[in-house]
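Student: Residues in the sequence shown are numbered consecutively from 1, following full-length UniProt numbering.
We treat Cβ as the ideally placed atom computed from N, Cα and C, and that holds for glycine.
From a predicted model like this one, the values you see are computed outputs, not experimental measurements.
This is the structure I want to talk about, given as structure tokens.
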Amino acid sequence: MANNQKVIDYDKIAEMESFKKLAKKKNSFLWAMTVVFLGAYMLLPVLTSYTQVLHQKVVGDITLVWFYAAGLFIMTWGMAHLYVGKANSYDKDAKAIIDEYERGAK
């Protein structure tokens with residue numbers, strides 16, 4: 001039984017300029033998302049413990065902290081949606097890089 005599976009040299013792909021650009025673009029996006037996400041979440045305990053900003057009543061007895069916390073959920077869903085869209089575009093770029101490799105580009 002013959003093996004008709006393509007052999008891909010991932011080391012060669014990793015050396016390609018287009019792959020390096022994609023990796024840099026992806027890493028920049030992921031680091032930015034991580035900083036925003038952790039910053040927003042870590043700000044909650046800081047603002048509630050060391051300031052009175054989120055203790056202000058907004059609607060009846062409901063304080064601003066409830067709106068901030070709800071906003072974190074909305075932000076998380078929004079960031080997940082953004083990530084999925086970006087990941088899909090990175091998948092297309094990765095496919096293009098593999099196609100470039102298969103055509104013999106360096």
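Pick out whichever of Lys6, Leu22, Glu17 and Met33 has its Cα sitting closest to the Cα of residue 111.
Tutor: Because the chain is modelled from 1 through 106, residue 111 falls outside the range shown and cannot be assessed.
Student: Taking only runs that begin and end inside the stretch 42-91, name each unbroken beta strand (DSSP E) of 3 or more residues, in chain order.
Tutor: Listed in chain order, they are 57-59.
Student: Out of curiosity, what's the CA-to-CA distance linking Phe37 and Arg103?
Tutor: For Phe37 and Arg103, the distance between alpha carbons rounds to 40 Å.
Student: Roughly how many whole angstroms lie between the Cα atoms of Thr76 and Asn4?
Tutor: Rounded to the nearest angstrom, the two C-alpha atoms are 44 Å apart.
Student: With a 10 Å radius around its C-beta and 16 neighbouring C-beta atoms as the bar for buried, classify Leu54 as buried or exposed.
Tutor: Buried, because 16 or more other Cβ atoms sit within 10 Å of the Cβ of Leu54.
Student: Excluding the 5 residues flanking Met42 on each side, which residues of the same chain have their C-beta closer than 6 Å to its C-beta?
Tutor: Cβ neighbours of Met42 beyond the five flanking positions: none.
Student: Between which two residues does the alpha helix (DSSP H) harbouring Lys6 extend?
Tutor: Segment: none, Lys6 is in no alpha helix (DSSP H) and carries neither H nor E.
Student: Quick check on the burial criterion: 16 or more other C-beta atoms within 10 angstroms. Buried or exposed for Phe73?
Tutor: Phe73 should be labelled exposed.
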